[in-house]
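S.K.: What follows is a structure written as structure tokens; I'll ask about it next.
2 protein chains.
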Amino acid sequence: MDIKQSSATETEEFRRRIFFALSEPGRYTIVRMLYHVGHEMGCSELNRHVEIDKSTMSYHLRTLREIGMVTTRTQGREKFVRLNTERINAVLPGILASL
Amino acid sequence: MDIKQSSATETEEFRRRIFFALSEPGRYTIVRMLYHVGHEMGCSELNRHVEIDKSTMSYHLRTLREIGMVTTRTQGREKFVRLNTERINAVLPGILASL
DNA sequence: TTTATAGTTGGAAATCTTTCAAACAATTAT
DNA sequence: ATAATTGTTTGAAAGATTTCCAACTATAAA
């Protein structure tokens with residue numbers, strides 16, 4: 025059973041990116057909060073619960089969005105973040121529940 | 025429900041280190057290989073299956089050992105690596121099976 | 001219109017990560 | 001004793017990541 029590093033499936037790539045995201049305390053906290061709250065949250069609400077500079081928060085949320093772990097919705101001047109639970113569970117079943 | 029970043033439990037810390045380990049392709053491949061093989065492997069045997077420079081391999085194995093994801097045993101000039109399945113499953117149940 | 005609120009972006013600084021070559025130690029084989 | 005095999009370590013180079021300030025856009029409120 026040989027494993028070639030060159031050929032990584034999309035799923036594998038997504039998994040690794042999830043691992044990368046969760047290896048950073050700030051993002052770990054954000055994801056954990058979103059999961060436990062169980063519904064979308066406004067960025068500023070998130071920011072009120074998680075102590076991170078607002079631009080750092082923005083940076084982390086962009087990372088999570090680029091990876092595909094969250095989606096966002098803008099309403100007026102507020103932005104709501106929603107955890108993409110289904111997609112994450114599809115490649116790493118149960119991981120969110122164990123955070 | 026507030027989450028303070030300052031206080032991370034040991035378990036949470038271990039989880040994050042596992043995520044860190046698995047976010048790197050080389051280590052991901054090593055861990056996956058060890059899991060699927062299902063028993064300890066000699067470093068050179070590992071190196072024959074996973075294409076990584078030997079010193080890079082050594083570096084990654086040291087990281088995995090420091091995190092506590094693997095243990096090693098030396099016999100003669102060979103070194104055997106064993107995945108600490110129980111400990112990993114204790115904090116992230118089923119994660120190895122989904123790699 | 002002016003001001004406040006929500007969030008993004010650019011850029012710089014500090015730090016961390018990964019990789020490899022070269023030299024090394026330890027063990028086994030010739 | 002010499003040579004080959006196993007694996008570690010050091011150190012340097014290149015690159016990635018995180019953080020924060022300051023300036024910015026856009027919407028809503030006064």
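Chains as they are written, first to last, in the working numbering: chain A, 25 to 123; chain B, 25 to 123.
Ideal Cβ positions, reconstructed from N, Cα and C, are used throughout, including at glycine.
Only a predicted model underlies this, so the values are computations on that prediction, with no experimental measurement involved.
1) Can you name, in chain order, every residue of its own chain whose Cβ lies under 8 Å from the Cβ of residue 57 of chain B, other than the five neighbours on each side?
2) Touching or not, the stretch 78-86 of chain B and the stretch 82-99 of chain A, by the rule of three or more beta carbon pairs under 8 Å?
3) Between A/121, A/36, A/32 and A/42, which has its C-alpha nearest residue 92 of chain A's C-alpha?
4) Name the residue from B/88, B/32 and B/33 whose alpha carbon lies nearest to the alpha carbon of residue 50 of chain B.
5) Quick one: is the Cβ of residue 81 of chain A within less than 6 Å of any heavy atom of the ligand NAP?
6) Which two residues bound the contiguous alpha helix (DSSP H) that contains residue 70 of chain A?
7) What does residue 44 of chain B reach in chain A if we use C-beta pairs closer than 9 Å?
8) Using beta-carbon positions only, say whether residue 59 of chain B and residue 116 of chain B come within less than 7 Å of one another.
9) Per DSSP, which one or two residues make a beta bridge with residue 102 of chain B?
10) In whole angstroms, what is the alpha-carbon distance linking residue 96 of chain B and residue 104 of chain B?
11) Under 8 Å between beta-carbons, which chain B residues line up against residue 32 of chain A? List them in chain order, please.
12) Compute the distance between the beta-carbons of residue 40 of chain B and residue 52 of chain A, then report whether it is under 7 Å.
13) Alpha carbons only, please: which of A/38, A/48, A/67 and A/107 is nearest the one belonging to residue 98 of chain A?
14) Mind listing which residues of the stretch 75-92 of chain B have their C-beta closer than 7 Å to chain A's C-betas, in chain order?
15) Within the continuous alpha helix (DSSP H) that includes residue 113 of chain A, where are the two ends?
16) Taking all protein chains shown into account, do 16 or more other C-beta atoms lie within 10 angstroms of the C-beta of residue 45 of chain B, making it buried, or fewer, making it exposed?
M.R.: Here's the rundown:
1) Cβ neighbours of residue 57 of chain B within its own chain (closer than 8 Å, five residues either side excluded): 65, 70, 73 and 74.
2) Contact check between the stretch 78-86 of chain B and the stretch 82-99 of chain A: fewer than three CB pairs, one atom from each, fall below 8 Å, which does not count as touching.
3) Checking every option, the nearest Cα to that of residue 92 of chain A belongs to A/42.
4) Selected option, being the one with the closest Cα: B/88.
5) Ligands in the displayed structure: none, and consequently the ligand NAP is not present.
6) Following the DSSP letters along the chain, one finds residue 70 of chain A inside the alpha helix (DSSP H) bounded by residues 67-73.
7) Result: 43, 44, 46, 47 and 48.
8) At the C-beta level, residue 59 of chain B and residue 116 of chain B stay beyond 7 Å of one another.
9) DSSP, once it has assigned bridges, lists B/99 as partnering residue 102 of chain B.
10) Approximately 5 Å, taken between the alpha carbons.
11) Chain B residues near residue 32 of chain A: 49.
12) At the C-beta level, residue 40 of chain B and residue 52 of chain A come within 7 Å of one another.
13) Minimum Cα distance to residue 98 of chain A is reached at A/67.
14) Within the stretch 75-92 of chain B, the residues whose Cβ lies closer than 7 Å to some Cβ of chain A are 75, listed in chain order.
15) Going by DSSP, residue 113 of chain A is part of the alpha helix (DSSP H) stretching over 109-115.
16) By the neighbour-count rule (16 or more Cβ atoms within 10 Å), residue 45 of chain B is buried.
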